[in-house]
Structures are given as C-alpha cells and as structure tokens.
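Read through the structure below, which is laid out as structure tokens, and then see the notes.
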C-alpha cells in the first residue's frame, strides 16, 4: 500500500476500518423506458458472468447479470441507473465443481432447468452504446462463445483504470470495494454488477470519476504489434517488453495505445531477422478474444 489514496471508513489513527454493506446507490434509479433522449448522454451496460471455471474454451456460464446506466459523455458522470435489471441463471449441463458452489452458492439443484433467454438479453441492451465489466476479456469471451459478438465498445474497469497509479495494491473488485468503504456479501453476478456501478461513481483525488477515466481510456485508439520469426533465444527480449506468445500463430504480440506503437518498436532494437507488423484495432474489438489468435 502506497498511501496515495484515502481509505474510506478508516479512522485517523489508521487502526480501524468501518465497512458498510452496499444497500443502495448515490445515483438515482430511474425507469429508462420513460426517459427522453439527450444529446449529451448515452446508455452503457454493466455486466458480469459467473462460470463453471476460468477456461474460456471449455467452461460455461452459470449466471449472467446486466444493468443499464446513463452517463454524460462530456463529464463522465453516471447520471442514472436503470430500475430494471436483466438477471438469469443458466444450467451448464455439467456438474458444477464444489469450489464454484462454495464461491457462488449456486448448486446443481439451483441451476437445474434454468436457461438464459438471449432474446430478452438482446432486447435489454439494444440501446446500449458501451459494455462494461470488471474483466472484459473474460466476460466478452464467454458471451461470444455462448451467444454472439456484441459489436460495441467494451470498457474494462480492471484495465482501463490505473488502480496501481492511484495507490491501490490490487485491482480485484472485492478489495477495491473494501478500500471504498463498502462490501457485498455474496459473489454473484447481480451483486458484482451493483458493486461495480457504485465503485465507478467515486472520484479520485483529482476530482475525476473512475467512470470518466474508463470512458476516456476505452475509446483510446489501439494497435497490435506482431513479431514473427523470432528465435527461442530472443524470447527474453519480447517478454521483457510485455509481449505475449501466441502458440497458434507462432508470433509475439502486444496491444498498445496507437501513438506508442512505433516508439515501442524502436526501443526494443529488433533483431534484423524478425518481421513485424502494426495493426490498428477497431474500438469495438476491445478485449475481443479473437485478438489472441490473430496476426
């Protein structure tokens, strides 16, 4: 802990922290179907999935929750939260492990016979211009495999907000909530969504909402640098610079802000035997799982 942030609920002696269960929002709940459109506001959807495990190829969704919010495109302020919530359990068709049952409280008996109505889900998010989750690459991968690609801009509250720079030693949602003076008792999609919405309404020490930072960073143009023909001995060069290995395409790759791509390549001092390419990534492909397998 670097001490660059204010731990909400901590006393002056820094010997005690008082936490409150999340009981409501500081932003008003509204019926979105009765709201008139505004030139300066947009709808975003905050969502979360619970799954049978972490394997994005083999594991399955067991719960999905989505809640719409209205935000100001100029200030990044969350203006309203939808009264209506999309929430559904989903029978994965396979036994749920004991560990997942303990974490979520969702047993095979609770899930049995439940299915996500994807038509209802599509209708709920049809006016949304942005999807937000607290590990977007994870949630998006499961939604793409279970349903379809949601071709809108995705924002990730884990990666699009610089929590470390703010002084937090973790970007885990439950810990960030504790640092902000509140908690939720269960690890369920609905409680995670509501916790994230509440967290995004807080402001950093500079007076900017977390949602504002997420909004700006998620709309920042990005490029993917791909490196081909690198030898095994050269791998340390790319690991040190934050590149990841794609075994399917046999390339090293890294996704960076577009304006930094050329400078990064220049700083690496590439061996003359390798080939490289820089590919612009559409904003709608943020955290898209296919990027991990494309050159």
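Numbering (this note's numbering), first residue to last: 371 to 665.
Where a beta carbon is used, it is the ideal one built from N, C-alpha and C, also for glycine.
This one's a predicted model, so the numbers in the text were calculated from it and none came from an experiment.
Inset, instruction - Could you give the DSSP three-state label for residue 532: helix, strand or coil? - result: coil
Inset, instruction - Would you be able to state if there are at least three C-beta pairs under 8 Å between the region 603-611 and the region 564-576? - result: no
Inset, instruction - Mark residue 436 as exposed unless 16 or more other C-beta atoms lie within 10 angstroms of its C-beta, in which case mark it buried. - result: buried
Legend entry - Cut-off 6 Å between Cβ atoms - residues of its own chain near residue 455, not counting five sequence neighbours on either side: 437
Inset, instruction - Using the Cα positions of residue 616 and residue 623, report the straight-line distance between them to the nearest angstrom. - result: 7 Å
Legend entry - Spatial distance of residue 528 from residue 482 (CA atoms): 32 Å
Inset, instruction - Flag this pair as yes or no: are the beta carbons of residue 407 and residue 450 separated by less than 8 Å? - result: no
Inset, instruction - Please classify residue 480: does DSSP put it in a helix, a strand, or coil? - result: helix
Legend entry - Touch test, the region 571-580 against the region 406-421, Cβ-Cβ under 8 Å, three pairs minimum: no
Legend entry - Entirely enclosed alpha helix (DSSP H) segments - the region 501-588, minimum 4 residues: 506-516, 543-549, 559-570, 580-588
Legend entry - Length at least 3, wholly inside the region 589-636: the beta strand (DSSP E) runs in chain order: 592-598, 614-616, 621-627
Inset, instruction - Reducing DSSP to helix, strand and coil, say where residue 497 ends up. - result: coil
Inset, instruction - Express the C-alpha separation of residue 530 and residue 508 in angstroms, rounding to a whole number. - result: 14 Å
Inset, instruction - Return the CA-CA distance between residue 504 and residue 494, expressed in angstroms with no decimal places. - result: 20 Å
Legend entry - residue 433 beta carbon less than 8 Å from that of residue 419: yes
Inset, instruction - Out of 464, 613, 476, 618, point me to the one whose CA is closest to residue 625's CA. - result: 613
Legend entry - Neighbourhood of residue 442 by C-beta distance below 7 Å, restricted to the same chain and skipping five residues each side: 410, 411, 449
Legend entry - Distance CB(residue 536)-CB(residue 574) smaller than 8 Å: yes
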